[in-house]
Amino acid sequence: DGYAAEKLFNSGFSYTYDDLIFLPHYIDFAADAVDLSSRLSRNIPLSTPFVASPMDTVSESAMASAMAALGGIAIIHPNTTPSRQAAFIRAAKSRRVPILSDPVFFSPSDVIDSEEDFAASPFILVTESGHSKGKFLGFVSKTNYLNQNDKGARVSDYMEPPPAALPWSSDLARIEEELENKKENVVALVKDDEVVDLVSKEEVDRVRGYPKLASGGSVGADGEWLVGAAIGTREQDKERLEHLVKAGVNAVVLDSSQGNSIYQLEMIKYVKKVYPELDVIGGNVVTMYQADNLIQAGVDGLRVGMGSGSICTTQEVCAVGRGQGTAVYKVSSIAYKSGVPVIADGGISNSGHIVKALSLGASTVMMGSFLAGSIEAPGAYVYQNGQRVKKYRGMGSLEAMTQGSDQRYLGDTAKLKIAQGVVGAVKDKGSVLKFVPYTMQAVRQGFQDIGANSLQSAHDLLRSRVLRLEVRTGAAQVEGGIHGLVSYEKKYY
Ligand code: XMP
10 DGYAAEKLFN SGFSYTYDDL IFLPHYIDFA ADAVDLSSRL SRNIPLSTPF VASPMDTVSE
70 SAMASAMAAL GGIAIIHPNT TPSRQAAFIR AAKSRRVPIL SDPVFFSPSD VIDSEEDFAA
130 SPFILVTESG HSKGKFLGFV SKTNYLNQND KGARVSDYME PPPAALPWSS DLARIEEELE
190 NKKENVVALV KDDEVVDLVS KEEVDRVRGY PKLASGGSVG ADGEWLVGAA IGTREQDKER
250 LEHLVKAGVN AVVLDSSQGN SIYQLEMIKY VKKVYPELDV IGGNVVTMYQ ADNLIQAGVD
310 GLRVGMGSGS ICTTQEVCAV GRGQGTAVYK VSSIAYKSGV PVIADGGISN SGHIVKALSL
370 GASTVMMGSF LAGSIEAPGA YVYQNGQRVK KYRGMGSLEA MTQGSDQRYL GDTAKLKIAQ
430 GVVGAVKDKG SVLKFVPYTM QAVRQGFQDI GANSLQSAHD LLRSRVLRLE VRTGAAQVEG
490 GIHGLVSYEK KYY
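UniProt numbering puts the sequence shown at residues 10 to 502.
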C-alpha cells in the first residue's frame, strides 16, 4: 500500500511538505515514549531537534537562551558587527535561566537617550568603564527611567546600588531563594568577577509559569549553553570567526543560499584546519551533487533548502531551488552514509511539516517565521489592522541587505542589488517557552502514528521501505485542511 520514498522521489516531481502524506503504521508505544533527541551536526547533540534561523528578526541573545533552555539551539545572525555578534553569544552563554535580556552597559556619566537604549532588557548595567569589564556600580531600571521622564539626565541620577550577586549558572530555584531571603526584587549574575546580567522577580515568575523545560537544556562541554552563529565566506569573515570563537561559539554555519561554491569549500577547509574542535555546517544545498561536494570538503552538518522559506523569493527571481520534501529526502539519503546530520531549513509552518521533515531524513528543523513574532525574537510589537505583530524579514530583502547581509546572496560584488526576500510581519505568538513544548508533543503524536519511537527509528523505517507515503492531490490537500465551516477558531492548546 502506498509508495516507498525511494520510488516516490524518483518520479520527476519536486514535492514540498504539503504535497506529501504518510500512511499510518502500527502503534505499540505511548506518544510520551517518543524520543526526539538528535544532533545538529557531527558533535553537537540536542534533546530537541529545533534550530532558530540566523536571521536578524529571529536569533539574538534572548532567542538563543530560550532555545538552549528548551534543548534546541539558535544560530546568531551575522547582520551586525563581529563584536556585537560575539556579544550576543557571550550574553546567551552567561546564564542558565531563559530570561528576556540583552545586557547593556553604561558608565555613570553617560546619558540615556531613549527607552531604546535598554534594548530587550528591563535594566541598564552600570560599570566604571561603561563595558562589561570594570567595577559594577549599580543599575538603572527602565520603569524608573520612564517614570522620572527627565530625558538627558546622567545615568548616575537614576542609578540604584548593586543588588545581591549569584554565580551566573544559578538555576531558577536558587535565584528565587535568594530574592526571597534578601527580600529584594533584583539579583545580579556574576561570571569571572564580572556582572553579566540582572534578573528580576517578575522574570523569575514569568519563566516559572511555562511548561516544564527540558532538564538543564543544551549544555556543552564548557558547562555553558550551546549557541551557534552564522558567517559568510569572505576574507573578513575569518576575522569575524575569531571573535565568535573567543565568545565560545559551539558551531558555525556558513550562510549562503547556494552553498556549493569554491568560496564555501575553501572556508570549510579553513575552519577545519584552524579550529579543528569547532563544528562547521555548510549549505544551503538541495541536491545530492551539492551535498557530496561539501561532505568531501569536511562539513559536520548540512543545511537544506532553497527558496522554500516563507519570506524567500529565490525560486521566483533565479528559477533555481527544489520542493523542500524532495530536497530533504535526497540530501539526507546521501548525507547519512557519511554520518553528516541534515538540517531541514525553511518552509515549516505547522507541526505536521516538522514530522515530515524529520521522517524524510532530517536530524533537525530550522525555523524562521515559526519562531518570529515570539517575545524572544528581536524587535518591538506594533499594531497592524488591529493585530499585534512583529516584523519578520528575509535576509535577502533589500532592507536587510542594506544593513549588510548581501553576501549570502552573492550580491556584494554587483553594483545592482536584487532582492531575494521580502519584509513582512508575523502575529504575536507569545513565548517560545510555551509553544515549543506543545509543538514537540504534537510531533511526538505524529511519530507515534507512523510507528517510530525515535528519529533513528523513523529514518530506518523510511529506508527499509516500511514507511509508506503518497502525494496528495489539490482536493486531498483541501480536504486535509479545515473546510466546510462557516466559522471556526483554530486553537491547538
Ligand atoms: P521560514 O519558512 O522558516 O524560512 O520562515 C526561514 C529560512 O529562509 C531562508 N531565508 C531566505 N531565503 N531569501 C531567501 O530566498 C531571503 O531573504 C531569506 N531570508 C532567510 C533561510 O534559510 C531561513 O533559515
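Just so it is clear, CB atoms sit at the ideal spot from N, CA and C, and this is done for glycine as well.
Which residue marks the beginning of the alpha helix (DSSP H) containing residue i, and which one marks its end?
i	result
Tyr-298	297 to 306
Ser-360	360 to 368
Phe-97	91 to 102
Thr-373	Looking at the DSSP string, Thr-373 is not in any alpha helix (DSSP H); the run it does join, the beta strand (DSSP E), is 373 to 376.
Leu-494	Careful: Leu-494 lies outside any alpha helix (DSSP H) and carries neither H nor E.
Ala-14	14 to 17
Tyr-326	Tyr is not the amino acid found at residue 326; the sequence shown has Val there. First-last of the alpha helix (DSSP H) with Val-326: 323 to 327.
Tell whether a beta-carbon distance below 7 Å holds between residue i and residue j.
i	j	result
Ile-320	Val-431	yes
Ile-98	Ile-108	no
Val-204	Phe-132	no
Arg-472	Asp-437	no
residue 6	Asn-190	Because the chain here runs from 10 to 502, residue 6 falls outside it and cannot be looked at.
Ile-343	Met-297	yes
Pro-171	Gly-147	yes
Val-164	Phe-114	no
Ala-256	Gly-237	no
Ala-400	Gly-382	Checking the sequence shown, residue 400 turns out to be Lys, not Ala. No, these two residues do not count as a Cβ contact at 7 Å.
Asp-264	Pro-63	yes
Gly-226	Ala-101	no
Val-67	Leu-380	yes
Tyr-26	His-362	yes
Phe-31	Asn-462	no
Val-199	Ala-173	no
Gly-80	Ser-110	no
Val-120	Met-168	no
Can you tell which of the options has its C-alpha closest to the C-alpha of residue i?
i	options	result
Leu-175	Met-168, Arg-183, Glu-169	Arg-183
Ile-36	Leu-476, Glu-488, Ala-485	Leu-476
Gln-454	Ser-368, Ile-491, Asn-394, Ala-75	Ser-368
Val-337	Pro-350, Cys-327, Glu-325, Ile-98	Pro-350
Ala-83	Glu-193, Gly-403, Ala-239	Ala-239
Ile-459	Ala-40, Val-120, Ser-20	Ala-40
Val-258	Glu-169, Lys-282, Asp-288, Ser-270	Asp-288
Ser-118	Thr-152, Glu-137, Pro-54	Glu-137
Gly-11	Gly-395, Met-375, Leu-478, Ala-96	Leu-478
residue 504	Asp-202, Glu-385, Asp-122, Val-452	Here the chain covers residues 10 to 502 and nothing more, so residue 504 does not appear.
Gly-292	Gln-273, Tyr-392, Lys-282	Gln-273
Glu-185	Pro-91, Leu-207, Ala-129	Leu-207
Tyr-502	Val-452, Tyr-447, Arg-104	Tyr-447
Ala-128	Glu-233, Glu-69, Val-313	Glu-69
Does residue i pass the burial test, meaning 16 or more other C-beta atoms within 10 Å, or should it be called exposed?
i	result
Ala-371	buried
Gly-334	buried
Asp-246	buried
Val-294	buried
Gln-457	buried
Ser-20	exposed
Ile-491	exposed
residue 562	Limits of the chain in this structure are 10 at one end and 502 at the other, which puts residue 562 out of reach.
Asn-302	buried
Ser-123	exposed
Leu-49	buried
Pro-112	buried
Ile-277	buried
Gly-348	exposed
Val-487	exposed
Gln-157	exposed
Thr-373	buried
Glu-15	exposed
Ile-290	buried
By the DSSP assignment, the beta strand (DSSP E) with residue i in it spans what residues?
i	result
Phe-148	145 to 150
Gly-310	310 to 313
Glu-488	First-last for Glu-488: 483 to 489, but that is the alpha helix (DSSP H), not the beta strand (DSSP E).
Val-351	351 to 354
Ile-343	Element bounds for Ile-343: not the beta strand (DSSP E) but the alpha helix (DSSP H), 333 to 344.
Thr-136	132 to 136
Ala-467	No beta strand (DSSP E) holds Ala-467; the alpha helix (DSSP H) holding it covers 464 to 472.
Arg-479	Per the sequence shown, residue 479 should be read as Glu rather than Arg. Element bounds for Glu-479: 477 to 480.
Ala-239	237 to 240
Are there any heavy atoms of ligand 2 lying less than 6 Å away from the beta-carbon of residue i, as far as the coordinates show?
i	result
Gln-299	In the structure shown, ligand 2 is absent; the only ligands present are ligand 1.
Give a yes or no on whether 7 Å exceeds the smallest Cβ distance from residue i to chain B.
i	result
Ala-13	No chain B appears in the structure shown, which is made up of a single protein chain.
At which residue ranges does the segment 379 to 460 contain complete alpha helix (DSSP H) runs of 4 or more residues, listed in the order of the chain?
-> 407 to 411, 441 to 458
In the segment 249 to 287, which residue ranges form an unbroken beta strand (DSSP E) of at least 3 residues, counting only runs that do not cross its ends?
-> Listed in chain order, the beta strand (DSSP E) runs fully inside the segment 249 to 287 are 260 to 263, counting runs of at least 3 residues.
May I have a chain-ordered list of the alpha helix (DSSP H) segments no shorter than 4 residues that lie completely inside the segment 27 to 84?
-> 70 to 78
Considering only residues of the segment 150 to 234, which uninterrupted alpha helix (DSSP H) runs meet the minimum length of 4 residues and lie entirely inside it, listed in chain order?
-> 151 to 157, 164 to 167, 181 to 191, 210 to 217
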